[in-house]
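**Q** Take this structure, written in structure tokens, and hold onto it; I'll ask about it next.
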Amino acid sequence: MTTNMISTATAPVSTPALMTGGIVAGPLYVAVWLGQAFTREGFDITRHPASLLANGGPGWIQTVNFVVAGLLSIAAAVGLRRTLAGRGSKWAPRLLGAYGVGLLLAAIFPADPAAGFPAGTPADYAEISTRGMGHFVAGTIGFSGLIAACLVMAAHYRSVGRKGLGRYSAATGILFFGAFAGLSAGAGSRPTIVAFDLAVILAWAWITTICLKHRH
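Sequential numbering of the sequence shown, starting at 5, is according to this note's numbering.
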């Protein structure tokens, strides 16, 4: 009995279970994000990126959202490593894992209050603290990993004749890069924030899709 219990406890998580984590990560993250975006006082989804939700009394909800999404993304990376062969079999999972690590770091280093959020913050408040710099680094690590993972998977799918998935992966990486670059250069303008919000949803949809395709 004891031996069986130890064996069960130490058994590796199955690949389908890991990929299921990747499948649910995006819909869960987006649902929690949008649920807060439309209920938190003073939050304007066209002016405030999701990271700002980690501020204020209910900020712990977004922090937990980052942690759960990060862990599920890392689980998906482990599952992807088990299912890939050939080109991209090593780098794509590592890069997806880097995205998960970036989400975990975003939870550790919350974004600074800005642009009137949380309620009571001056509309022109834009100071960057040490934790704010940490959040910027977290985003750079995570988003760079995600963009590169899309492009590596695009090359992988082309190499195995899955051209549709290859084009989808490439388009996701390119569009996300453009939205991230626009956000960085746009100083928080409404069009760049809306574009980035849409890119985040697109990226999570891509992760869900590849996890579904590789869930055996």
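A virtual CB, placed ideally from N, CA and C, is assigned to each residue, including glycine. Note that the coordinates shown come from a computational prediction; the quantities given were computed from them, not determined experimentally.
Once the 5 residues before and after Phe70 are set aside, which same chain residues still bring their CB inside 8 Å of it?
**A** As a working mapping, residue 70 is identified with position 66 in the sequence shown. So the qualifying residues of the chain are Ala58, Leu107, Leu108, Ala110 and Ala111.
**Q** Do Gly186 and Ala2 come within 7 Å of each other at the CB atom, strictly closer than that value?
**A** Only positions 5 to 220 of the chain appear in the structure, and residue 2 is not among them; the question remains open.
**Q** Which class does Ala118 belong to by DSSP, given the choice of helix, strand or coil?
**A** Looking up residue 118 in the sequence shown gives position 114. Strand, per DSSP.
**Q** So the alpha helix (DSSP H) Gly83 belongs to, where does it begin and stop?
**A** Here residue 83 refers to the residue found at position 79 of the sequence shown. Note, Gly83: alpha helix (DSSP H), Gly63 to Thr87.
**Q** Residues in the same chain with beta-carbon distance under 7 Å from Leu22, minus the five sequence neighbours each way, listed in chain order, please.
**A** One-based indexing of the sequence shown puts residue 22 at position 18. If we look at Leu22 and ignore the five residues flanking it on each side, its Cβ neighbours are Ala79, Ala80, Val82 and Gly83.
**Q** Where are the alpha helix (DSSP H) runs, 4 residues long or more, that stay fully inside the stretch 121 to 195, in chain order?
**A** The stretch 121 to 195 contains these whole alpha helix (DSSP H) runs: 134 to 163 and 167 to 190.
**Q** Can you give the beta carbon distance from Phe180 to Ala203, rounded, assuming they're within the 8 Å contact cut?
**A** Walking along the sequence shown from the start, residue 180 turns up at place 176. Walking along the sequence shown from the start, residue 203 turns up at place 199. Yes, they are in contact, since the Cβ atoms of Phe180 and Ala203 sit about 5 Å apart, within 8 Å.
**Q** In the structure shown, what three-state DSSP assignment does Thr24 receive?
**A** Taking the first residue of the sequence shown as 1, we reach residue 24 at position 20. Correct three-state label for Thr24: helix.
**Q** Between Leu150 and Ala207, how many whole angstroms is the CB-CB distance? I'm expecting something under 8 Å.
**A** As a position in the sequence shown, residue 150 is number 146, starting the count at 1. As a position in the sequence shown, residue 207 is number 203, starting the count at 1. Contact flag correct, Cβ pair sits at about 6 Å.
**Q** Going by Cα to Cα distance, which pick from Ala89, Gly146, Arg86 and Trp95 is closest to Val102?
**A** Here residue 102 corresponds to residue number 98 of the sequence shown, with the count starting at 1. One point to set straight first is that residue 102 is Ala, not Val, in the sequence displayed. For Ala102, the nearest C-alpha among the options comes from Gly146.
**Q** Just verifying my parser: in three-state terms, what is the DSSP assignment at Phe200?
**A** Walking along the sequence shown from the start, residue 200 turns up at place 196. DSSP places Phe200 in helix when its eight states are reduced to three.
**Q** What residue range does the alpha helix (DSSP H) around Gly106 cover?
**A** Start at 1 with the first residue of the sequence shown, and residue 106 comes out as number 102. That run of the alpha helix (DSSP H) goes Trp95 to Ile112.
**Q** Beta carbon of Phe211, beta carbon of Gly30: below 7 Å?
**A** For this step, residue 211 is matched to residue 207 along the sequence shown. For this step, residue 30 is matched to residue 26 along the sequence shown. The identity of residue 211 in the sequence shown is Ile, whereas the question assumes Phe. Contact flag set, yes.
**Q** Where does Pro53 sit, in a helix, a strand or coil, going by DSSP?
**A** Your numbering for residue 53 matches position 49 in the sequence shown. In this structure, Pro53 counts as coil in the three-state DSSP scheme.
**Q** Determine the DSSP secondary structure at Gly60, reduced to helix, strand or coil.
**A** Counting from 1 along the sequence shown, the entry for residue 60 is found at position 56. Correct three-state label for Gly60: coil.
**Q** Pull up the distance between the alpha-carbon of Thr7 and that of Ser18, whole angstroms please.
**A** To locate residue 7, count along the sequence shown from 1; it is residue 3. To locate residue 18, count along the sequence shown from 1; it is residue 14. Because the pLDDT at Thr7 is just 40, under 50, the model does not fix this residue reliably, and the point stays unresolved.
**Q** If Ala123 sits next to Leu56, beta carbons under 8 Å apart, how far is it from one beta carbon to the other, in whole angstroms?
**A** The count along the sequence shown starts at 1 and reaches residue 123 at position 119. The count along the sequence shown starts at 1 and reaches residue 56 at position 52. Contact doesn't hold; Cβ gap of about 11 Å is too wide.
**Q** Any idea if Ala35 is buried or exposed, counting beta-carbon neighbours within 10 angstroms, 16 or more meaning buried?
**A** Taking the sequence shown and counting its residues from 1, one reaches residue 35 at position 31. Exposed, since its Cβ has fewer than 16 Cβ neighbours within 10 Å.
**Q** Skipping 5 residues on each side, what residues in its chain have a beta carbon closer than 6 Å to that of Gly177?
**A** Mapped onto the sequence shown, residue 177 falls at position 173. So the qualifying residues of the chain are Ile151, Cys154 and Leu155.
**Q** Is Gly165 buried or exposed, if buried means 16 or more other CB atoms sit within 10 Å of its CB?
**A** Stepping through the sequence shown from its first residue, residue 165 is reached at position 161. Exposed, by the Cβ-count rule.
**Q** Under a three-way DSSP split, which group does Pro31 fall into?
**A** Within the sequence shown, residue 31 is the residue found at index 27, counting from 1. The answer is helix: DSSP assigns Pro31 an H, G or I state.
**Q** In this structure, does DSSP put Thr43 in helix, strand or coil?
**A** As a first step, residue 43 must be located in the sequence shown, where it is residue number 39. It is coil, neither helix nor strand.
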